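First residue of the sequence shown: -12, per our numbering; consecutive thereafter.
Single-structure report; data block below.
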Amino acid sequence: MSQLVATATQTLKEAICAALNTAMEQGSLPRAELPPCMLEIPADRSHGDWSCNIAMAGARVFRTAPLKIAQAVKAALDLSGTYFKTCEIAGPGFLNFTYDNRFYGEVLQE
């Protein structure tokens, strides 16, 4: 994995964790220990560049439906300062992320 991809995924994980904390502070989610944040490349490229199942992983911890968790995360998510431009909810609660043009510009510079 290139250093740029490692940096991009690390900042995305941090943004997702921050969104979960914000959602808990705002009362959108009950307070609980954060589940591990795992990112993977979706098999179907129409689902974005990276996918996260934290909403499904957190369903038991938060005692909340995965879709509601995904909606709370998306509402609290701040992608500024990351290499991602969009977050979409898919299926039962997957969060799908798409790289922004800045990422591709830096890839070309490498």
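Virtual Cβ for every residue (Gly too), placed ideally from N, Cα, C.
Note that the coordinates shown come from a computational prediction; the quantities given were computed from them, not determined experimentally.
Which term fits residue i, buried or exposed, when burial requires 16 or more other beta carbons within 10 angstroms of its beta carbon?
| i | result |
| --- | --- |
| T73 | exposed |
| D70 | The sequence as given places Tyr at residue 70; Asp does not occur at that position. When all chains shown are included, Y70 counts as buried. |
| S33 | exposed |
| G35 | buried |
| I3 | buried |
| S38 | buried |
| A62 | exposed |
| A57 | buried |
What residues match up with residue i in a beta bridge as DSSP calls it?
| i | result |
| --- | --- |
| E75 | N83 |
On a Cα-Cα basis, can you pick out the residue from the options that is closest to residue i?
| i | options | result |
| --- | --- | --- |
| L66 | D87, A59, V48 and F81 | D87 |
| A(-7) | G35, L64, A57 and L26 | L26 |
| A44 | L(-9), W37 and G80 | G80 |
| L64 | N40, C39 and A6 | A6 |
| P23 | P29, A10, E12 and A46 | A46 |
In chain order, what are the residue ranges of uninterrupted alpha helix (DSSP H) at least 4 long that sit wholly in the stretch 7 to 75?
41 to 44, 46 to 49 and 53 to 63
Three or more beta-carbon pairs under 8 Å between the stretch 53 to 62 and the stretch 89 to 96, yes or no?
Contact fails between the stretch 53 to 62 and the stretch 89 to 96, because fewer than three Cβ pairs, one in each stretch, are under 8 Å apart.
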